[in-house]
Amino acid sequence: MPGPSKDTSWWAQDRNICTLLCKFKGSEASDPRDRVYALMGMASDMNSNAIEADYTKEEEMIVRDLCQYIYGDRSPIRGFSITSIREFQSQLSSISTRLLINMLETKPTQQSLLLFLGRQGILKDIGDIALRKLLDRGSHLVNLYLSKCETPFMITLQVAERSLADFPNLFNYFLERQQIPPNVLRGIASWMIAVNYHGLESFLRRLKLEMDPGPELIMNLMTYGPSEPVKLLELIFEAFRKPIELDAVTFMQAIDENEAALKLLLQHCQHPIMIPDKVLVKAISSGIQKLRIILETPKRTICIEEDAFDAAVAQGSTTLQLLFDHCDGGVLISDQLLRSAIQAGPKTLERVLQMSSGIQVGIDGSIFIAAAAQGPKTVQLLFNHCHHPMYTARKAIYTAISYAPRTLETMLEFCPFKVELRKDLFVRAVAKGPVTLKLLFHHCIRPINVTNKMLEVAIRGGIYWR
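Numbered according to our numbering, the sequence shown spans residues 8 to 473.
In structure tokens form, the structure reads like this:
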């Protein structure tokens with residue numbers, strides 16, 4: 008039966024009987040007992056009295072002797088159905104692995120674990136829970152297990168963090184053998200930042216991953232990292248080569264960083280970026296330079312809503328102009344936005360209306376009262392962009408009746424349309440008093456169908472029909 012080269016690593020390090028049985032399970036022999044006895048002669052852990060070469064024993068008895076020697080009192084005799092040497096050799100790794108997992112569940116002594124592992128051959132992945140229990144016993148036992156485990160397996164974030172914190176050499180072992188999945192490596196980088204791990208930079212330099220860094224890693228950097236995070240950001244984007252998908256929370260946190268960090272992050276995120284309204288408001292409030300950096304980044308269509316408009320007005324005309332120039336989605340008209348635009352002046356109002364889809368019929372009539380207080384030009388601008396100007400004019404006058412007569416008079420003078428004095432306006436004016444009613448009679452188209460009651464009320468108020 009051929010043997011390995013003497014400089015083969017496993018031959019030099021570990022050639023106990025279990026290892027030899029695993030390694031030579033495919034070797035040919037006319038009698039399987041010949042193979043076992045030959046391997047016993049090469050084994051480093053068997054003395055002459057361990058198991059005698061006895062050809063009077065059947066294969067089943069030899070298998071039982073081997074189990075007793077390799078596993079001791081943990082021998083899987085109960086319910087054990089393997090009777091052939093070939094099958095036993097093929098199942099050795101699985102049996103050893105299962106027994107090790109079972110052993111770790113019973114809180115064995117350190118010495119018993121050392122003895123057990125010392126007699127094993129090739130082991131398989133014992134799983135995350137068992138590996139963590141083995142880590143609790145120290146790196147020596149883990150190293151012993153790893154020296155016998157030839158099945159590639161991936162470690163979890165918990166194992167990675169534990170080994171990194173307590174057994175750095177063990178962590179390097181996993182990293183060099185690519186036994187740490189990319190998503191776990193990303194989690195480790197995030198954890199390193201959160202705990203201020205001293206080896207973060209050297210760790211990042213070792214990574215070259217075709218994945219994005221993810222929002223958690225970036226958030227941890229901005230939350231726990233240095234006050235000048237640009238250097239670490241550069242290392243992160245070199246380690247994680249795919250652009251990050253920028254969510255609103257990360258975006259808003261990035262705005263709080265310095266301009267260089269914000270620009271670097273925007274360069275390495277997925278384009279076009281999405282700028283939600285709350286992000287836009289924060290950007291506006293953070294100053295024109297940061298706003299310009301964001302608006303000049305390739306972006307999805309954005310429109311100006313009331314909060315963003317108010318924030319821009321508060322920052323000044325330059326900021327407002329920058330916002331107008333970069334918002335290709337126009338302006339989303341609301342009552343509050345119109346009030347703010349009216350207060351900002353005719354030029355701003357005109358730009359807002361030009362960038363909008365017009366004023367819907369649902370607009371609050373008090374908007375026109377605010378416009379009338381600014382003068383006829385402001386009122387005219389509003390009516391020029393109404394979808395239904397006549398209907399809106401009636402609504403504005405109906406609202407103005409609730410105010411002082413002077414306000415109503417101003418509204419009637421500035422309104423570019425004559426509206427008919429219908430019953431609803433008439434009744435509302437009567438409730439306010441004769442002065443209001445006279446104003447309506449003076450400025451409105453007289454009703455065609457005048458009821459006796461309307462005529463009686465008008466006469467009492469000093470108004471006469473002609």
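Glycine included, every Cβ here is placed at the ideal spot set by N, Cα and C.
- Task: Within the same chain, show all residues whose beta-carbon is closer than 6 Å to that of I251, passing over the 5 residues directly before and after it, in chain order.
- Result: D219, P220, C276, listed in sequence order.
- Query: Apart from the five residues just before and just after R22, which ones in its own chain have a Cβ nearer than 6 Å to its Cβ?
  - Reply: Leaving aside the five residues that flank R22 on each side, the residues in its chain whose CB is nearer than 6 Å to its CB run, in chain order, S51.
- Query: With 16 other CB atoms within 10 Å as the buried threshold, where does G369 fall?
  - Reply: Under this definition G369 is an exposed residue.
- Query: For T26, which residues from the same chain have a beta carbon less than 6 Å from its beta carbon, with the 5 sequence-adjacent residues on both sides left out?
  - Reply: Hits under 6 Å: G128.
- In three-state terms, what does DSSP make of K306? Of the three classes helix, strand and coil, the one that applies to K306 here is strand, per DSSP.
- Item | Neighbourhood of K140 by C-beta distance below 6 Å, restricted to the same chain and skipping five residues each side | Taken in chain order, the residues that qualify are L111.
- Task: Could you tell me which uninterrupted beta strand (DSSP E) segments, each at least 3 residues in length, are contained entirely in the region 225 to 290, listed from first to last along the chain?
- Result: List check, beta strand (DSSP E) in window: nothing returned.
- Message: If you measure between the beta carbons of D335 and A315, is that distance less than 8 Å?
- Response: No, Cβ-Cβ distance for D335 and A315 is not below 8 Å.
- Which first and last residues belong to the alpha helix (DSSP H) in which T443 is found? Its alpha helix (DSSP H) spans residues 441 to 450.
- Task: Please name the residue, chosen from K430, M281, I108, that lies closest to N459 on a Cα-to-Cα basis.
- Result: Cα-wise, what sits closest to N459 is K430.
- Message: Please report the straight-line C-alpha distance between M8 and S34, rounded to a whole angstrom.
- Response: Annotation note: pLDDT 46 at M8 (below 50); position unreliable, no value reported.
- Local conformation of E427 per DSSP, three classes: Here E427 sits in strand by DSSP.
- Task: Answer yes or no: do S100 and K64 have a C-beta to C-beta separation smaller than 8 Å?
- Result: Note that the C-beta distance between S100 and K64 is not below 8 Å.
- Going by other Cβ atoms of all chains shown within 10 Å of its Cβ, with 16 needed for buried, is T257 buried or exposed? Around the beta carbon of T257, a 10 Å sphere encloses 16 or more other beta carbons of the protein chains shown; the residue is thus reported as buried.
- Query: By Cβ distance, which residues of its chain are closer than 7 Å to R401, with the 5 residues on each side in sequence left out?
  - Reply: Answer for R401: V426, listed in chain order.
- Query: With contact counted as at least three CB pairs below 8 Å, one residue from each stretch, are the region 160 to 169 and the region 209 to 219 in contact?
  - Reply: No contact exists between the region 160 to 169 and the region 209 to 219.
- Who pairs with A130 in a beta bridge, going by DSSP? One detail in the question is off: residue 130 reads as Leu in this sequence, not Ala. L130 is bridged to C156.
- Query: Grouping DSSP H, G and I as helix and E and B as strand, with all else coil, what is L28?
  - Reply: In this structure, L28 counts as helix in the three-state DSSP scheme.
- Nearest-angstrom Cα separation, counted from I408 out to K270: Rounded to whole angstroms, K270 to I408 spans 54 Å at the Cα level.
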